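**Q** Note that the protein sequences, when read in sequence, are chains A and B. The opening residue of the first sequence carries number 1399 in the working numbering; numbering runs sequentially from there. The opening residue of the second sequence carries number 1084 in the working numbering; numbering runs sequentially from there.
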Amino acid sequence: MNDHAAKPEPVDAVIVGCGASGSTAAKVLSEAGFKVVGLDRGPWLKPEDYSGDELKYVNRNFLWPDPTLKPRTVREDEDSPTELFPFSPLPQLVGGGTVHWAGWLPRPMPSDFIQRTLHGDLPDANLADWPFLYDDLEPYLSKVEWEFGCTGLDGADKYAPPRSRPYPSPPRPPTRFGKVFYDACAKLGINGFPLPHAMVSTAHKGRNPSNWTGFWNQYGDPTTTRSNAATTFIPEALATGNYELRPECYVTRVTTRADGTAKGVVYLDIDGREVEQEARLVLLCQGAIESARLMLLSESAAFPDGLGNASGLVGKNATFHEYLYAIGLFERELHGPLCGFAGHYISGGSMQFYETEEKRGHIGGCIIAASQVGHPINWNFPGRPLWGEAAKDGDRDFYNYSMKIGLILHDMPVESNRVELDPEVTDAWGLPVARITHKPHPNDVKMAKWQVDKNQEILDAAGAAKTIPVYLERSTGNTCHQHGTLRMGFDPDTSVLNEWCRSHEVSNLYVLDGSGFPTALGVNPTLTMMANAWRCSEYIVEHHANGNEVRLDKPRVEVSA
Amino acid sequence: MASKADWPAAPADLTQESNERLFFSDHEWKTIDAATARIYPTDHQPGAREARVVRFIDRYLSGIDYIYASADGSGFLQMSGKLADAWRARNAAMRRTYRQGIRELDRIAAGRHGKPFAELTEAEQDGVLEELSGTPKPKPVTLTDTGPLGTMLQGVADDGMNFFDALCLHTRQGMYADPAYGGNKDRVGWEIVEFPGPESLADTNDCSYSVQEHFVQDCVWEDLIPFMREKG
Ligand SMILES: Cc1cc2nc3c(=O)[nH]c(=O)nc-3n(C[C@H](O)[C@H](O)[C@H](O)COP(=O)(O)OP(=O)(O)OC[C@H]3O[C@@H](n4cnc5c(N)ncnc54)[C@H](O)[C@@H]3O)c2cc1C
Chain A
1399 MNDHAAKPEP VDAVIVGCGA SGSTAAKVLS EAGFKVVGLD RGPWLKPEDY SGDELKYVNR
1459 NFLWPDPTLK PRTVREDEDS PTELFPFSPL PQLVGGGTVH WAGWLPRPMP SDFIQRTLHG
1519 DLPDANLADW PFLYDDLEPY LSKVEWEFGC TGLDGADKYA PPRSRPYPSP PRPPTRFGKV
1579 FYDACAKLGI NGFPLPHAMV STAHKGRNPS NWTGFWNQYG DPTTTRSNAA TTFIPEALAT
1639 GNYELRPECY VTRVTTRADG TAKGVVYLDI DGREVEQEAR LVLLCQGAIE SARLMLLSES
1699 AAFPDGLGNA SGLVGKNATF HEYLYAIGLF ERELHGPLCG FAGHYISGGS MQFYETEEKR
1759 GHIGGCIIAA SQVGHPINWN FPGRPLWGEA AKDGDRDFYN YSMKIGLILH DMPVESNRVE
1819 LDPEVTDAWG LPVARITHKP HPNDVKMAKW QVDKNQEILD AAGAAKTIPV YLERSTGNTC
1879 HQHGTLRMGF DPDTSVLNEW CRSHEVSNLY VLDGSGFPTA LGVNPTLTMM ANAWRCSEYI
1939 VEHHANGNEV RLDKPRVEVS A
Chain B
1084 MASKADWPAA PADLTQESNE RLFFSDHEWK TIDAATARIY PTDHQPGARE ARVVRFIDRY
1144 LSGIDYIYAS ADGSGFLQMS GKLADAWRAR NAAMRRTYRQ GIRELDRIAA GRHGKPFAEL
1204 TEAEQDGVLE ELSGTPKPKP VTLTDTGPLG TMLQGVADDG MNFFDALCLH TRQGMYADPA
1264 YGGNKDRVGW EIVEFPGPES LADTNDCSYS VQEHFVQDCV WEDLIPFMRE KG
């Protein structure tokens, strides 16, 4: 039970959201001696609460947000109808998305930070360079890999960006479908390698990597095999004695003082009581949809269009990635079972197609990976017959004889792709929900087509009897990767946050999740989010807290031909 | 109000074997048993009837007592708060969908053959399901090419589903969900698709269940990744 007085003591920092980025900030600040309160609207579940129960986790949404309590709405553009749709439904609980994620933990590439420099003014997109470069982030990428836990194989990725430290933990062996992927890649001259993975395979910081169940993506982990904020950075922050974690607290607005600084946040506790937590610093770490929504919900006389929104850019330039893939069906007589239930979701991937190649007809590229097809109820079989003998035979013949090669679509920022408050729909607490307006840029559609076709070629080379492509039709938010809604940059007219992810307008308000990403990456974003949260938290400790404001110079980019 | 982290587990007061009806009338039970047996038919291997899919669906529709098995499978979580309210509303809507759907099956059956659905031959029942779904019975999967298909969504439940789609989905679930939920009797569903599933949820909770043998154990990375040798 939450027995805090209606007005708890002010603290140095209040962090809204205890997921990937919020736990990183909590760790860095509390270890530096700051008094920190972390608020999360969800429960604090422990490893012992988890099991390999497909129905519970995948169908009955034990961890996914309940769409009737926390609805979202989506439309393609202003002229399209708005529908209720669980767009990018990041789970809401202590640990956030990292509780049941797959855990691809790839590094970004240097090119990701200079998209504008590389590609100029892509028509109908809003490309921008990041306010810092890969090299600025590299030390923090290494810190997160080591502190959070990451498996990887040194020297296996032909395209690896520079790194200051090796991987802390070796990869687990390939799955059977993973081996088929590696063999096909070798045949085609593609550099397949075990993608960095948010887990440990060996003893690491007291963890016990004993989960071999195959219940992974979308399932909680009953051990500490997976790198999950709730079992890594959160307990480390708590161990400092400087961090107080309050689950089941739904933050409904950021309050401000007459001087335009943030005063604290107001939240509803589990019994619906309203509480104000004051703090010298307010850090939003809710994910790029919910952080933007809270900024908009926090409008006031001084901030009529939402907090920190003088630029009018809050919510805009949203990018969401999209997971697309090709499935291969194999003949059982010719191949042994592929065992798509085994593994830790991904087994084998490649960065070979990441950089721009003019002749493909689009800019940019994506990471790809072979992955589990899943468990029997929900295994990924597009076009599956719904009923009758065909349904049963389809499962019997192909459940164990299919595999999937997916991609993370590097979608282009478009200013009109955005998050706003829905004018009509409210959540179970009576607050307006996020309405997402998102239409893929033509480059997204081309990139998806090209890469899905390439994935089919790999499946063909692997000996698939049939391949099924899943192209980009519309944006569904199925990766739960969220970025861009509070773009960072140097210029307050064209960005919401500065290069330290501090609001240009509200001098003690930071947003440390993916909201600041000026462009999406072509890889899964969370390592970059956590590294950036670490970098900005360190800035807070070293500079902000001492009353210094340090501005970065605009990066000087040297693009080699 | 209890946090999800503190929901107590009520011991399941139904044995795995019990066929006690919790929601369906006898007629509804018979009808759903017959319909699910056409959705996932019995052949040289068991189907929905043997897996006791009707029992699985009956428990699902009975209220909110059998929604989430506890992590060790010893009972079911007792929800509270807004989530419990959401599930009660979801349950009420799905009950209506089933009650109306069963009447619809009988109405179509009566119109075509003058008998209730459960009393028709299998071929007649298939005809009723075709009429209900508005599409022909699915053809076998072939290995010839298909066109592109729609993407996968995560975090989508059965809210707002029509009766036929819900029935197909719940039949799959009853075939393949952990037996703790009343279907997949003796793990027959898993046997059909050669999924070496756990003996019990408890085994997944303490991780004594393992699929490690289905990884490739004796792999040398350098053999899989030519680049590692090329660069010397
Ligand atoms: C199934 C799945 C698989 C994924 N796989 C990968 C992967 O392989 N690799 C990868 O890089 N990424 C993956 N992701 C995405 C990854 O989980 C997110 O990028 C990451 O968690 C985002 O971190 P965050 O800190 O921004 O938000 P989160 O980790 O989601 O944390 C945000 C927290 O804020 C809380 N919150 C929100 N609003 C409020 C409020 N008003 N008041 C109080 N608390 C609030 C939420 O409850 C939540 O706990 C996956 C996501 C899912 C769902």
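Built from N, CA and C at the ideal position, the CB exists for glycine as well. No experiment lies behind these values; they were computed from the predicted model shown.
Taking C-beta pairs closer than 8 Å, name the residues in chain A that B/T1287 reaches, listed in chain order.
**A** Start at 1 with the first residue of the second sequence, and residue 1287 of chain B comes out as number 204. Simply S1449, G1450, D1451, T1611, F1613 and P1620.
**Q** Verify the contact flag: A/C1878, CB atom, against every heavy atom of ligand 1, threshold strictly below 7 Å.
**A** As a working note, residue 1878 of chain A is residue 480 in the first sequence. For ligand 1, at least one heavy atom lies less than 7 Å from the Cβ of A/C1878.
**Q** Between the segment 1444 to 1454 of chain A and the segment 1138 to 1158 of chain B, are three or more C-beta pairs nearer than 8 Å?
**A** yes
**Q** Is the closest heavy atom of ligand 1 to the C-beta of A/L1373 under 7 Å?
**A** No information on residue 1373 of chain A is available, as it lies outside the stretch 1399 to 1959 that chain A covers here.
**Q** In chain order, what residues of the same chain lie with their CB nearer than 7 Å to the CB of A/D1667, ignoring the 5 residues before and after it?
**A** By 1-based counting over the first sequence, the position of residue 1667 of chain A is 269. Once the five neighbours on either side are set aside, the close Cβ partners of A/D1667 are N1400, E1646, C1647 and V1673.
**Q** Could you tell me whether any Cβ in chain B is nearer than 8 Å to the Cβ of A/H1402?
**A** As a working mapping, residue 1402 of chain A is identified with position 4 in the first sequence. Per-residue confidence for A/H1402 stands at a pLDDT of 49, beneath the threshold of 50, marking its modelled position as unreliable; the derived number appears in the next sentence. Output row for A/H1402: interface = no.
**Q** Within 8 Å (strictly less), CB to CB, does A/F1751 reach chain B?
**A** Here residue 1751 of chain A refers to the residue found at position 353 when the first sequence is read from its first residue. No, no contact with chain B.
**Q** For a contact meaning CB atoms closer than 7 Å, what does B/M1084 contact in chain A?
**A** Residue numbering aside, residue 1084 of chain B sits at position 1 when the second sequence is read from its first letter. Going along chain A in sequence order, the residues near B/M1084 (Cβ under 7 Å) are I1668 and D1669.
**Q** Excluding the 5 residues preceding and the 5 following A/A1403 in the sequence, name in chain order all residues of the same chain whose CB lies nearer than 6 Å to its CB.
**A** Along the first sequence, one-based indexing puts residue 1403 of chain A at 5. In this prediction, A/A1403 scores a pLDDT of 49, lower than 50, which makes its location untrustworthy; the coordinate-derived value is nonetheless stated afterwards. The answer is none, since no qualifying residue turns up.
**Q** Mind checking which residues open and close the beta strand (DSSP E) that includes A/I1834?
**A** As a position in the first sequence, residue 1834 of chain A is number 436, starting the count at 1. Per DSSP, A/I1834 belongs to the beta strand (DSSP E) from P1830 to T1835.
**Q** Looking at the secondary structure, which residues open and close the alpha helix (DSSP H) in which B/G1044 lies?
**A** Lying before the first or after the last residue shown, residue 1044 of chain B is absent from chain B, which here runs from 1084 to 1315.
**Q** If I measure Cβ to Cβ from B/F1278 and keep anything under 7 Å in the same chain, skipping five residues before and after, which residues do I get?
**A** As a working note, residue 1278 of chain B is residue 195 in the second sequence. So the list is empty, once near-sequence residues are dropped.
**Q** Decide if the segment 1838 to 1852 of chain A is in contact with the segment 1770 to 1783 of chain A; the criterion is three or more beta carbon pairs, one per stretch, under 8 Å apart.
**A** Result no; under three Cβ-Cβ pairs closer than 8 Å.
**Q** Between which two residues does the beta strand (DSSP E) carrying A/D1820 extend?
**A** By one-based count along the first sequence, residue 1820 of chain A stands at place 422. First-last of the beta strand (DSSP E) with A/D1820: R1816 to T1824.
**Q** In this structure, does DSSP put A/Y1960 in helix, strand or coil?
**A** Here chain A has residues from 1399 to 1959 only, and residue 1960 of chain A is not among them.
**Q** Which word fits A/R1872, buried or exposed, when buried means at least 16 other C-beta atoms lie within 10 angstroms of its C-beta?
**A** Mapped onto the first sequence, residue 1872 of chain A falls at position 474. Per the 10 Å Cβ criterion, exposed.
**Q** If you measure from the CB of A/T1924, is any heavy atom of ligand 1 nearer than 7 Å?
**A** In the first sequence, the residue the question calls residue 1924 of chain A occupies position 526. Within the cutoff, so yes.
**Q** For A/M1886, which of helix, strand or coil comes out of DSSP?
**A** As a position in the first sequence, residue 1886 of chain A is number 488, starting the count at 1. DSSP places A/M1886 in strand when its eight states are reduced to three.
**Q** Classify A/A1411: buried if its beta carbon has 16 or more other beta carbons within 10 angstroms, exposed otherwise.
**A** To locate residue 1411 of chain A, count along the first sequence from 1; it is residue 13. By the 10 Å Cβ count, A/A1411 comes out buried.
**Q** Can you tell me which of the three DSSP states A/K1661 falls into?
**A** Walking along the first sequence from the start, residue 1661 of chain A turns up at place 263. Looking at A/K1661 - three-state DSSP - the assignment turns out to be strand.
**Q** Roughly how many angstroms separate the alpha carbons of B/E1305 and A/E1855, rounded to a whole number?
**A** Taking the first residue of the second sequence as 1, we reach residue 1305 of chain B at position 222. Taking the first residue of the first sequence as 1, we reach residue 1855 of chain A at position 457. Each residue's Cα considered, the two are about 23 Å apart.
**Q** Could you name the residues of the segment 1255 to 1286 of chain B whose beta carbon sits closer than 7 Å to any beta carbon of chain A, in the order they occur along the chain?
**A** Residues passing the 7 Å Cβ filter: R1255, Q1256, Y1259, A1260, D1261, Y1264, G1272, W1273, I1275, V1276, E1277, F1278, P1281 and L1284.
**Q** Anything in chain A within Cβ reach of B/R1173, meaning under 8 Å, just list it in chain order.
**A** Against the second sequence, residue 1173 of chain B aligns to sequence position 90. The answer, in chain order, is T1466.
**Q** Check the Cβ of B/H1297 against every Cβ in chain A and list those closer than 9 Å, keeping chain order.
**A** Residue mapping note: residue 1297 of chain B aligns to position 214 of the second sequence, counting from 1. Within chain A, the residues near B/H1297 are T1573, R1574, G1612, P1735, C1737, F1739, A1740 and G1741.
**Q** Could you tell me whether any non-hydrogen atom of ligand 1 is closer than 7 Å to the CB of A/W1827?
**A** As a working mapping, residue 1827 of chain A is identified with position 429 in the first sequence. It does not: the Cβ of A/W1827 is nowhere closer than 7 Å to a heavy atom of ligand 1.
**Q** How many angstroms separate the CA atom of A/R1574 from the CA atom of A/H1808?
**A** By 1-based counting over the first sequence, the position of residue 1574 of chain A is 176. By 1-based counting over the first sequence, the position of residue 1808 of chain A is 410. Cα to Cα, A/R1574 sits roughly 28 Å from A/H1808.
**Q** Could you tell me which chain B residues have their CB closer than 7 Å to the CB of A/I1775, listed as they occur along the chain?
**A** For the purposes of this step, residue 1775 of chain A is identified with residue 377 of the first sequence, where counting begins at 1. Ordered by position in chain B, the residues that pass the 7 Å Cβ test against A/I1775 are R1255, Q1256, Y1259 and A1260.
**Q** Can you give me the C-alpha to C-alpha distance between A/I1512 and A/K1952, rounded to a whole angstrom?
**A** In the first sequence, the residue the question calls residue 1512 of chain A occupies position 114. In the first sequence, the residue the question calls residue 1952 of chain A occupies position 554. So the alpha carbons of these two residues sit roughly 12 Å apart.
**Q** How is A/P1463 classed by DSSP in three states: helix, strand or coil?
**A** The count along the first sequence starts at 1 and reaches residue 1463 of chain A at position 65. DSSP places A/P1463 in coil when its eight states are reduced to three.
**Q** Would you please verify whether the beta carbon of B/A1154 is less than 8 Å from any beta carbon of chain A?
**A** The residue given as residue 1154 of chain B occupies position 71 in the second sequence. Yes, contact with chain A.
**Q** Can you pull the chain A neighbours of B/G1130, defined as C-beta to C-beta under 9 Å?
**A** As a first step, residue 1130 of chain B is located in the second sequence; it is residue number 47 there, counting from the start. Taking a Cβ-Cβ threshold of 9 Å, the residues of chain A close to B/G1130 are K1790, in chain order.
**Q** Comparing C-alpha positions only, which one of A/I1834, A/T1824, A/L1819 and A/W1785 sits nearest to A/V1812?
**A** Here residue 1812 of chain A refers to the residue found at position 414 when the first sequence is read from its first residue. Out of A/I1834, A/T1824, A/L1819 and A/W1785, A/I1834 has the C-alpha closest to the C-alpha of A/V1812.
**Q** Output yes or no for whether 8 Å exceeds the beta carbon distance between B/M1258 and B/G1266.
**A** Taking the second sequence and counting its residues from 1, the one referred to as residue 1258 of chain B is at position 175. Taking the second sequence and counting its residues from 1, the one referred to as residue 1266 of chain B is at position 183. Cβ distance < 8 Å, so B/M1258 and B/G1266 count as in contact.
**Q** For A/D1475, collect the residues of the same chain with a Cβ closer than 8 Å to its Cβ; drop the 5 residues on either side in sequence, then sort them by chain order.
**A** Taking the first residue of the first sequence as 1, we reach residue 1475 of chain A at position 77. Answer for A/D1475: S1814, T1835 and K1837, listed in chain order.
**Q** Output, in chain order, the set of chain A residues within a Cβ distance shorter than 7 Å of B/V1239.
**A** What you label residue 1239 of chain B is simply residue 156 of the second sequence in a count that begins at 1. Near B/V1239 (Cβ distances below 7 Å), the residues of chain A are P1484.
**Q** Do the segment 1281 to 1294 of chain B and the segment 1606 to 1617 of chain A meet, that is, are 3 or more Cβ pairs less than 8 Å apart?
**A** Touching, per the Cβ criterion.
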